[in-house]
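Remarks on the structure that follows.
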Amino acid sequence: MSNINASFNHKKYRAYPSIPKTDRRWPDQSIKTAPLWCSVDLRDGNQALIEPMSPSQKLDMFKLLVDVGFKEIEVGFPAASAPDFDFVRQLIEQNLIPDDVTIQVLTQAREPLIARSFAALKGAKKAIVHLYNSTSTVQREQVFKKSRDEIKTLAIQGARWMQDFAAAQSETKWSFQYSPESFTGTERDYALEVCDAVINVWQPTLENKVIINLPSTVETSTPNVYADQIEWICDNISHRESVSISLHTHNDRGCGVAAAELGVLAGADRIEGTLLGNGERTGNMDIVTMAMNIYSQGIDPQLDFSDMDRIIATIERCTQLAVHPRHPYAGELVFAAFSGSHQDAINKCMAIDAMQRIEKPETQWQVAYLPIDPRDLGRTYQQVIRINSQSGKGGVAYILEQDYGIQMPRWMQVDFSPHVQQHAERSESEVSATIIHDIFSSTYLAAQKTASIDNYQLNRQSNADSLEAQILDTNNGAVTINGQGKGVLDAFVKGLSASIGSDIVLIDYSEHALPSRKGAENAQAEAIAYVQLSVQGARYCAAAKCHDIVTASLQAVLNAVTRSGAICQRSNAQLAAV
1201 MSNINASFNH
1211 KKYRAYPSIP
1221 KTDRRWPDQS
1231 IKTAPLWCSV
1241 DLRDGNQALI
1251 EPMSPSQKLD
1261 MFKLLVDVGF
1271 KEIEVGFPAA
1281 SAPDFDFVRQ
1291 LIEQNLIPDD
1301 VTIQVLTQAR
1311 EPLIARSFAA
1321 LKGAKKAIVH
1331 LYNSTSTVQR
1341 EQVFKKSRDE
1351 IKTLAIQGAR
1361 WMQDFAAAQS
1371 ETKWSFQYSP
1381 ESFTGTERDY
1391 ALEVCDAVIN
1401 VWQPTLENKV
1411 IINLPSTVET
1421 STPNVYADQI
1431 EWICDNISHR
1441 ESVSISLHTH
1451 NDRGCGVAAA
1461 ELGVLAGADR
1471 IEGTLLGNGE
1481 RTGNMDIVTM
1491 AMNIYSQGID
1501 PQLDFSDMDR
1511 IIATIERCTQ
1521 LAVHPRHPYA
1531 GELVFAAFSG
1541 SHQDAINKCM
1551 AIDAMQRIEK
1561 PETQWQVAYL
1571 PIDPRDLGRT
1581 YQQVIRINSQ
1591 SGKGGVAYIL
1601 EQDYGIQMPR
1611 WMQVDFSPHV
1621 QQHAERSESE
1631 VSATIIHDIF
1641 SSTYLAAQKT
1651 ASIDNYQLNR
1661 QSNADSLEAQ
1671 ILDTNNGAVT
1681 INGQGKGVLD
1691 AFVKGLSASI
1701 GSDIVLIDYS
1711 EHALPSRKGA
1721 ENAQAEAIAY
1731 VQLSVQGARY
1741 CAAAKCHDIV
1751 TASLQAVLNA
1761 VTRSGAICQR
1771 SNAQLAAV
């Protein structure tokens, strides 16, 4: 391309090297149990905010994390700022940490910072101290200007300082964690060398394991390469049985969740991340997404996201960051279907699912376009199907049934859908359930205002039924209709056909009871009837509601005829002569 912008030049980059590994086993593995989760929302997520959380926001977030089920929570970087130090002290001094929750703090491998971190943790029942220093090639050579041995010495000395401070505060049950920051930018053999050196200082046991955290501080490769790195470390690290391998992936390439998942396949035991992925640059690994991915495979994620709306509200309030409407599992629109074909498939599948669960509550979830049941996250089915100009008859029918109990037969769905689509095209916007119901009422029920059933008398006989019905017509006054037929509707249709001189044929009919409205438990239940008639060869649909199903049925027929205009075309004299 001759006109390419010189500043957009791919040649300034080089491909991240893959690992020549012929014994990889992780592609054949599957996740069978949830990893141990550690939330870093209050530290890594907080550092990434334009306005860090206030003390009250931090406490709200901490309580949310506890309620969701986290057993390890990184609560701050107490040596970095007074607010972080004070928050750790507040948690400890006010006894806000549940007995089954371990708090974690981060510190660089510098003695004053380590000392400050242990001071913040004084009096804690148990705590994880997370030590780190950067080991990457670019940081060693360009930032610190130190050799590999000098960087390793920093890590070793930091590990020893941690031992000394922990021994001086023996009332706390301590756990140690080490991160070679920018692990994915560090030579593989050197990262292992530094980790082994730290492990050698701490001398872990099966009863007192250490955590080695392998961060993808900046995501620079495809997830499979990261999995190769993790599997290689797991195969070669010393004291593997006494080491918990932890992962902390970032999302620079948009693959943070995938990298963590493949890293677990490769042998990792523990995952650090944030709820909904908040973090520096493009964010941290999203624990909600990864945990829900596990959940969708029938595995207990050991975290509870059943009140997703509360989780989102708390996160947005504390971080001042809006959740994207398409965010996996959590976004407002992730379970919403606008496409007509999608809506029809969802509607049919959910009807089958509801029937199956009556007999077998443990029925496996199989609904088209919905990988999980929205109710599991506290979402209602009203949020599943949304109507716009792209929607079809199945979605419109679904909305009316869910919100108003109106179960339109399929032939009426076909008739009604264009009315809603025309409104959507005119308004160029989403159509709410209220508007859909208004369109239904004005289309099929409004005719009752011009011609209505006043009363009727039915005489059932063995060979035919006789019906006499009184109609109140705003144009023609009171009119009496007489007819005979096989059933009340047949008799009414024949009598009405004769009275107005039009050829009327009943094509389809359906009825059902409507659910009781709130606050009207003692009121008599309404029924609704639907009819499709042929009037002079043209088809018309209508509906009617009444506490008496026969009256509703007769009124539905009358509404359809009124929609056709056949009644209005007859003069008062013609009707009066009946």
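If you use this note's numbering, the sequence shown corresponds to residues 1201 to 1778, in order. All C-beta atoms, glycine included, are put in the ideal place defined by N, C-alpha and C. For clarity, every value in this text was computed on a predicted model and none was experimentally measured.
Run through DSSP, which three-state label would residue i get?
| i | result |
| --- | --- |
| residue 1627 | helix |
| residue 1237 | strand |
| residue 1504 | coil |
| residue 1386 | coil |
| residue 1284 | helix |
| residue 1618 | helix |
| residue 1418 | coil |
| residue 1682 | strand |
| residue 1574 | helix |
| residue 1764 | helix |
| residue 1407 | coil |
| residue 1413 | strand |
| residue 1454 | coil |
| residue 1212 | helix |
| residue 1378 | strand |
| residue 1779 | What is shown of the chain runs 1201 to 1778, which leaves residue 1779 out entirely. |
| residue 1596 | helix |
Within the same chain, show all residues whose beta-carbon is closer than 8 Å to that of residue i, passing over the 5 residues directly before and after it, in chain order.
| i | result |
| --- | --- |
| residue 1396 | 1437 and 1438 |
| residue 1469 | 1235, 1236, 1444, 1445 and 1446 |
| residue 1565 | 1553, 1572 and 1573 |
| residue 1720 | Bear in mind that the predicted position of residue 1720 carries a pLDDT of just 48, short of 50, making it too unreliable to give a figure here. |
| residue 1671 | 1651, 1652, 1653, 1654, 1678, 1679, 1680, 1681 and 1758 |
| residue 1526 | 1533 and 1534 |
| residue 1664 | 1684, 1685, 1686 and 1691 |
Closer than 6 Å by C-beta to residue i: which residues in its own chain qualify, once you throw out the five before and the five after it? Chain order, please.
| i | result |
| --- | --- |
| residue 1491 | 1501 and 1503 |
| residue 1373 | 1326 |
| residue 1394 | 1335, 1352, 1355 and 1380 |
| residue 1292 | 1323 and 1324 |
| residue 1246 | 1252 and 1253 |
| residue 1265 | 1239 and 1273 |
| residue 1321 | 1327 |
| residue 1712 | 1607 |
Could you give the residue range of the beta strand (DSSP E) that holds residue i?
| i | result |
| --- | --- |
| residue 1656 | 1651-1660 |
| residue 1276 | 1272-1276 |
| residue 1449 | 1443-1449 |
| residue 1332 | 1326-1334 |
| residue 1251 | Looking at the DSSP string, residue 1251 is not in any beta strand (DSSP E), and its letter there is neither H nor E. |
| residue 1304 | 1302-1308 |
| residue 1668 | 1665-1673 |
For the alpha helix (DSSP H) containing residue i, list its first residue and its last residue.
| i | result |
| --- | --- |
| residue 1257 | 1255-1268 |
| residue 1781 | The shown model of the chain, from 1201 to 1778, leaves out residue 1781, and the question about it has no answer. |
| residue 1431 | 1423-1436 |
| residue 1638 | 1633-1640 |
Less than 7 Å separating the Cβ of residue i from some heavy atom of the ligand HEM?
| i | result |
| --- | --- |
| residue 1662 | As presented, the structure is devoid of all ligands, the ligand HEM included, so that no description of it is given. |
Could you pull out every residue in the same chain whose Cβ sits closer than 7 Å to the Cβ of residue i, ignoring the five residues on either side in sequence?
| i | result |
| --- | --- |
| residue 1639 | 1619, 1620 and 1623 |
| residue 1722 | Caution is warranted here: a pLDDT of 48 is assigned to residue 1722, below 50, making its placement in the model unreliable, and no coordinate value can be reported. |
| residue 1488 | 1475, 1476, 1505, 1529 and 1530 |
| residue 1545 | 1568 and 1569 |
| residue 1756 | 1729, 1730, 1731, 1742, 1743 and 1744 |
| residue 1229 | 1465 |
Is the Cβ of residue i closer than 8 Å to any Cβ of chain D?
| i | result |
| --- | --- |
| residue 1695 | Looking at the structure shown, chain D is missing, and only one protein chain is on hand. |
Next item on the list: Please specify which runs of the beta strand (DSSP E), each continuous and at least 3 residues long, are wholly inside the segment 1684-1753, giving them in chain order.
Entry: Whole beta strand (DSSP E) segments, 3+ residues: 1704-1713, 1727-1735 and 1738-1746.
Notebook entry, point to check: Is it true that the segment 1415-1425 meets the segment 1441-1453, where meeting means three or more beta-carbon pairs spaced less than 8 Å apart?
Noted result: Result yes; three or more Cβ-Cβ pairs closer than 8 Å.
Next item on the list: Kindly provide the ranges of any alpha helix (DSSP H) runs that are 4 or more residues long and lie completely inside the segment 1487-1563, ordered along the chain.
Entry: Listed in chain order, they are 1487-1495, 1508-1519 and 1540-1559.
Checklist line | Those runs of the alpha helix (DSSP H) which lie wholly inside the segment 1456-1492 and span at least 4 residues | finding: Runs of the alpha helix (DSSP H) spanning 4 or more residues and lying entirely within the segment 1456-1492 occur at 1456-1465, in chain order.
Note to self: Please give me, in chain order, every unbroken run of the alpha helix (DSSP H) with length at least 4 that falls completely inside the segment 1338-1376.
What the structure shows: You should have 1348-1368.
Checklist line | Meets three-Cβ-pair contact criterion under 8 Å: the segment 1285-1305 and the segment 1358-1372 | finding: They do not touch, by the three-pair rule.
Next item on the list: Check whether the segment 1268-1284 touches the segment 1301-1318, counting contact only when three or more Cβ pairs, one atom from each stretch, lie closer than 8 Å.
Entry: With contact defined as three or more Cβ pairs closer than 8 Å, the segment 1268-1284 and the segment 1301-1318 are in contact.
Check: Okay, do the segment 1755-1768 and the segment 1732-1747 touch, 3+ Cβ pairs below 8 Å being the bar?
Finding: Segments in contact, yes.
Check: Do three or more CB pairs link the segment 1212-1228 to the segment 1449-1458 at distances below 8 Å?
Finding: Because the criterion of three Cβ pairs below 8 Å is not met, the segment 1212-1228 and the segment 1449-1458 do not touch.
Margin query: Using 8 Å as the cut-off, can you tell me whether the segment 1517-1524 makes contact with the segment 1244-1256, which would need three or more C-beta pairs spanning the two stretches below that distance?
Written below: Verdict: yes, contact present.
Check: Taking one C-beta from the segment 1206-1219 and one from the segment 1426-1433 each time, how about it: are there three or more such pairs within less than 8 Å?
Finding: With a cut-off of 8 Å, the segment 1426-1433 and the segment 1206-1219 count as touching, because enough Cβ pairs lie within range.
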